[in-house]
Amino acid sequence: KNGLSKDVVTMHTGKNNLDKLGMIERVNGKNSRDVWGADKCDRVYGSLGFFYPPKMYMNKKNTLDVYGVDMCRTLRLNRVGTGSAFGIPTI
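Below you can see the structure in the form of structure tokens.
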């Protein structure tokens with residue numbers, strides 16, 4: 001592998017709705033993948049894990065859904081606090 005994914009990921013830029021910044025809309029043109037055999041598991045939902053809507057920083061009780069393209073699955077992460085790395089805020 002050369003580190004490049006063969007998958008085409010379509011995600012929200014936040015231009016029309018800042019609350020959707022970084023949220024994945026489709027993978028390879030589809031909003032669902034036929035991998036796990038259950039609608040909830042096959043649904044394309046979440047972020048790639050490096051762009052977050054601003055509300056993630058404001059509400060300490062928010063969860064973060066990260067979609068693993070290679071796993072074809074969404075992982076739900078619970079926020080436990082904030083921090084910083086090299087002066088950049090982290091969640």
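Heads up: the sequence shown runs through residues 1 to 91, numbered per full-length UniProt numbering.
Glycine is no exception: its CB is placed at the ideal position from the N, C-alpha and C atoms.
Remember, predicted model here, so these are calculated numbers, not experimental data.
Spatially closest choice to residue i from the options, by CA coordinates
i, options, result
"Met23", "Lys40, Lys60, Gly49 and Ser5", "Gly49"
"Leu64", "Pro53, Met71, Asn31 and Arg43", "Pro53"
"Asn17", "Lys55, Arg33 and Asp70", "Lys55"
"Cys41", "Asn62, Lys15, Val69 and Lys60", "Val69"
Buried or exposed (CB count within 10 angstroms, at least 16 for buried), residue i
i, result
"Val8", "exposed"
"Ser47", "buried"
In DSSP terms, what residue i is bridged to
i, result
"Ser47", "Met23 and Val66"
"Gly87", "Gly87 pairs with nothing; no bridge assigned."
"Arg76", "Asp65"
"Met11", "Ile24"
DSSP state of residue i mapped onto helix, strand, coil
i, result
"Lys60", "coil"
"Lys40", "helix"
"Lys55", "helix"
Test item: CB-CB of residue i and residue j under 8 Å
i, j, result
"Tyr57", "Ile91", "yes"
"Thr74", "Val80", "no"
"Cys72", "Arg33", "yes"
"Phe51", "Leu4", "no"
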